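To keep things clear, I will list the structure first and then write my remarks on it.
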Amino acid sequence: MTTATSVGIDALRQMRTDRRRRRVADMEWFELLYRVYITALIGGFVLVWLSSLVTDAPFTQNQFGTLIHEGPRYTGLLIAVVWFLGMRSGANGGPVSVEEAEVRHVLLAPVNRAAVLRHPAVQRLRTMAFTGTLAGGVTGLVLSKRVPRAWGHGPNQWIICGALAGALIAASFVIAALLVHSFRIDRRVVTVTAVAIVAWHAASAFLAPHPWAPFNELGHVALAMVHPSGVVAVAVLLALAAVGVWRAGHLSIEALARRSALVSQLKFAVTLQDIRTVVLLRRQLSQEHMREKPWFTVPSALRRNIVVTRCLRSLAHFPARRMARMVLLAVTSAVSIVAVWRGTTPALVVSGLALFMLGLDVIEPLSQEVDQPDRTDALPVERGLLLTQHLLVPALTTVPFVLVGVAVAYAFEPHGMTIIAGVLIGSPAALAGVAGAVINAVKGAPDPLSEANSGLYMPPEVSGMTTVVRAAWPPVVAIIGSTPAVALVKASENGDNIPAALVRTALGIGMVCFLTAGWVRQREKIRAAFRNFANPQNSSSASTPSQKV
Amino acid sequence: MARTPRTPRPRTPEPEQPAPLPPGALDIVGIAKNYGDAPALEPVNLRVEHGERVALIGHNGSGKTTMIRIITGLLDATEGESTICGHAIGSIGARAAVSYVADQPTFYDDLTLWEHLEYVARLHGNAEWEQQAADLLGHLGLYDRADDMPNRFSRGLKQKAALALGFIRPFEVLIVDEPFVGLDSAGKEALLELLAQASDDGATVVVATHELSFVHTVSRIVALRDGRMVYDGPSAGIDVDRLVRTEDPAGEHDGERN
């Protein structure tokens, strides 16, 4: 048996080496370099754009003192949330995924599974740490713009510490998932423990006398403070990473088999920038199924309109974890808007993205309709009208989340004006999040084989930019929705009437949402008109499903 | 009243403990699988002896594939234990003993059929694989496709390639899930010959199928319905279609409502 096992390991190593060599030989180097060039171009553009947003005044000595004093606790809370997500991922079978064939042919062979699985575990850890390094470095760069050099913290120090903290935070996700998965900890125990960890750090961050919490020690690293306890915390985290990788052989084959098929589809969907498919696959990966028993039955008074009934029934089947995630996204958005109010303008990007993700969940009934074009085309109802009717319930569903956001904002800024500003900022921001999600859902995934895809005939740079703009537009709409927070800051600085300023910007955002609804209603007619204009010969034959009706 | 002394009862001799059975090819004790509240497989007990040929039958969704996947270690049982040739499921010993051919063939994107065969054979320590691979491919009519990518094959050819991978490695227990689906008549014949050869070589063969040409060659049938084992017995005189629909495989209670 031992001989067979060692022979198997040798075969595994040799085959991996051969496949890697073949991949390198088959690689289209020009295409790879072009991708690097495009990524660097876009990444650089985004970085410059983000940096240009930070025109805020430098920190006062008092603000800087608050940052240094409270920052580790907030960073500790962030790490606790990342651990929460990692632990949940581990309980759902994450974070490692291998090829389907690898599960079938290698993991069922008499080969030491640890030897097979440590490699992908380390790869996952490395990728996440690298991503975290980039994100942390950018955050450090943004932060350095507000800290005067005279206080002994130069930009390099902020960037290096931000990158290090980013790597540790991102790696935490994989470490937590590996530990939970490899020790096969029961999902309920995981949820309770993860919630307890987050609650502990939330208490440490917000409640006096701010009790000690373990991840706060890592938070010191992010703020360029060298503490012996911080060094110990980093060492403990690295030791946990080693344990997680060492136990990779204990990962569940059932989970790996389930994920292997989904992850390859997920990668393909990401390549196509098909956010809807990504959302659906993510739900399958985390085994997030709709409730069979609804939370509520739709009252008869609301059943007059079948589309409203259908939307409410969909919401009634939402699983509890999805609703918890939606609340968490609303909280994230509120905290980000408070950060904008306190002077960190780029936080509005976080708020917009959180509300975009919230919108993707809220518009589930609409997305289901878009997913089933054959079904909707078979209905004796104009498609645009049908989809427009699906907007009402998602728009109203944002109300409780706006209230959650206002409550969170009030916890940070306990003034009467917070409630007024919260409603006037939160409502349009949430609606814009929904509008962004609606645009994403209705425009659908790009169809590379479509004749209408004129990108095929464009130069690569133009085609690439068109793709990027097409993919980025929905989240950008959501981010625009959070700009009333900037109006609040400006009105406060200029001594203007705050509610009036907020109403003005809210009306602007409302107009964007209204135009989005109009686009959904008239989209097919607009597309048909555009096609006819571009190619008059087809004008007689081309007709939309709506026109057929 | 004086109590009459009781005459001591003669002691009944302790019943002799039966000697523990030597491990069978497959010993399943109460394995079950639930997905949340939904049971996919209710507790099943099954012992398959070395060298036995068993047909596992049942309609769609009856739990055949779930049971097979638990036995092969691809699914974790919610409860129960099972062993293969005395080795716990999922252990290296069990993996060395069992060869599993799944209902959905899976291949690497970047390996030819020949390279797949080499890889799987060598993973199992089979150094003398080349002649065996050539014979297998010849038998299945795939010799000319050895240098092609199996991922691009048609459904039937993929099935044949998966069978070749199942047979290229040494095994004591062969478990095959719906192997006849997609095969042409020549392929079915070749597969029946391979299964017969495996049995002749002393391997235990368990096949989930409705293919009568195979079911008629086995000595034992195990039938599942709605996640429950409803029949485990000889195949002689059994109407297979009837077996998966009713609990009265021999038709002794015709006319009675179940």
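Line order of the protein sequences matches chains E and P. Numbers 62 to 610, taken from the numbering used here, label the letters of the first sequence in order. Numbers 6 to 263, taken from the numbering used here, label the letters of the second sequence in order. In this text, a Cβ means the ideal position worked out from N, Cα and C, and glycines have one as well. These numbers were taken from a predicted model, which means no experiment stands behind them.
With respect to the 8 Å criterion, E/Gly198 and E/Gly223 are classified as neighbours on the basis of their beta carbons. E/Thr449 is not a Cβ neighbour of E/Val495, given a cutoff of 8 Å. Annotation: the continuous alpha helix (DSSP H) that includes E/Arg249 extends over Arg248 to Phe267. According to DSSP, P/Thr88 shares a beta bridge with P/Asp32 and P/Ala93. E/Gly104 counts as exposed, since fewer than 16 other beta carbons sit within 10 angstroms of its beta carbon. Under DSSP, P/Thr209 shares a beta bridge with P/Val178. When secondary structure is reduced to three states using DSSP, E/Asn593 falls in the helix class.
According to the DSSP assignment, P/Tyr105 belongs to the beta strand (DSSP E) that extends over Val103 to Val106. Annotation for E/Pro156: no beta strand (DSSP E) segment contains it, and DSSP assigns it neither H nor E.
Looking from the CA of E/Leu453, the closest CA among E/Gly445, E/Ala408, E/Val368 and E/His288 belongs to E/Val368. Its Cα nearest to that of E/Arg352, the residue E/Met384 stands out among E/Gln326, E/Met384, E/Pro360 and E/Thr332. The stretch 80-156 of chain E is shown to contain whole alpha helix (DSSP H) runs of 4 or more residues at 90-114 and 122-152, in chain order. Less than 8 Å divides the Cβ of E/Leu409 from the Cβ of E/Thr544. Residue pairing by DSSP places E/Ile481 in no beta bridge whatsoever. A Cβ-Cβ separation of about 13 Å leaves E/Val538 out of contact with E/Gly571 under the 8 Å criterion. Between the alpha carbons of E/Gly137 and E/Gln218 lies a distance of about 20 Å. Out of E/Ala491, E/Gly466 and E/Ala322, the CA that lies nearest to the CA of E/Ile480 is found in E/Gly466. At least 8 Å separates the CB of P/Phe172 from every CB of chain E.
Contact of P/Arg160 with chain E is not assigned, every C-beta pair being separated by 8 Å or more. Nearest CB-CB separation between E/Pro181 and chain P: not below the 8 Å threshold.
P/Tyr148 sits in a helix when the DSSP states are folded into three classes.
In this structure, the beta-carbon distance from E/Gly155 to E/Ala238 falls below 8 Å. Straight-line measurement puts the Cα of P/Tyr105 at about 13 Å from the Cα of P/Gln164. E/Met572 sits in a helix when the DSSP states are folded into three classes.
The continuous stretches of alpha helix (DSSP H) do not include P/Tyr236, which lies in the beta strand (DSSP E) extending over residues Arg233 to Pro239.
In the DSSP assignment, E/Pro461 falls outside any beta strand (DSSP E) and lies within the alpha helix (DSSP H) extending over Leu453 to Phe473. Bounds of the beta strand (DSSP E) holding P/Asn50 are Ala43 to Val53.
A check of alpha carbon separations from E/Ala152 across E/Thr252, E/Val340 and E/Arg74 identifies E/Thr252 as the nearest. Bridge partners of P/Ile243 according to DSSP: none are assigned. In this structure, DSSP gives E/Arg187 a helical state, which the three-state scheme calls helix. P/Lys38 carries a strand assignment under DSSP once its states are collapsed to helix, strand and coil. Considering only beta carbons, the part of the stretch 96-109 of chain P lying closer than 7 Å to chain E consists of Ile97, Gly98, Arg100, Ala101, Tyr105 and Ala107, in chain order.
Close CB contacts of E/Thr393 within its chain, under the 8 Å cut and outside five residues either way in sequence, are with Val411, Ser412 and Ala415 (chain order). Within its own chain, the residues whose Cβ lies closer than 8 Å to the Cβ of P/Ala37, once the five positions on either side in sequence are excluded, are Pro44, Leu46, Glu47, Pro48, Val49, Ala82, Thr83, Glu84 and Gly85, listed in chain order. For P/Leu248, same chain residues with a beta-carbon under 8 Å away, outside a window of 5 residues either side, are Ile62, Ile226, Ala228, Val235, Tyr236 and Pro254 in chain order.
By DSSP's assignment, P/Ala228 forms a beta bridge with P/Ile62 and P/Tyr236.
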